[in-house]
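Okay, so here's the structure we're looking at.
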Amino acid sequence: MSQTKLSQEELRRLSAEYMLLQNLIRELEQRISLLSTTINELMTTKQTINELSKLSKDHELIVSVGRDVYLRVKVAESGKFLVDLGAGTIVERSTEDAIKIIDSRIEDLRKALEEYQRNYSVLVNRLAQIREIIEKST
26 MSQTKLSQEE
36 LRRLSAEYML
46 LQNLIRELEQ
56 RISLLSTTIN
66 ELMTTKQTIN
76 ELSKLSKDHE
86 LIVSVGRDVY
96 LRVKVAESGK
106 FLVDLGAGTI
116 VERSTEDAIK
126 IIDSRIEDLR
136 KALEEYQRNY
146 SVLVNRLAQI
156 REIIEKST
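Per my numbering, the very first residue in the sequence shown carries number 26; after that it's consecutive.
Encoded structure:
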């Protein structure tokens, strides 16, 4: 864009777009952070499933039931896990099936994360363009 001055109306429009983009970027940053955290939690869950599947029946564990409170439990059945499928549906699955479900969720979240990151880049680039236009105009 040339060094011409923008009209007051154009400046107002660009300023409004700039503020909107800043809000959208903040929201995307939060979503990206949440998705990254969820992916990491699922990766940890997958590791835990693999480790727990190696335990024998009646193996004793200490399980956290909340902040600073633990419970001693014994493995009732090795290689079987209760998996939440959503909508309050919990089913028993083998180690392999539980891991497949977790892997599927991780893949879905990674795709969403990539999409959010692409959108984030587009918004950041547009924000930089607007900043440059306004700076050249003032």
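We put the beta carbon where it would ideally sit given N, CA and C, even for glycine. Since this is a predicted model, take the numbers as computed values, not measurements.
Note that the C-beta distance between VAL100 and SER119 is not below 9 angstroms. Secondary structure of VAL100 (DSSP, three-state): coil.
For ASP109, the enclosing beta strand (DSSP E) stretches over residues 105-111. Distance from the CA of ASN48 to the CA of LEU36, rounded to the nearest whole angstrom, comes to 18 angstroms. Beta-bridge pairing by DSSP links TYR95 to SER89. Contact between VAL149 and ILE57 does not hold, since the beta-carbon distance rounds to 12 angstroms and is not under 8 angstroms.
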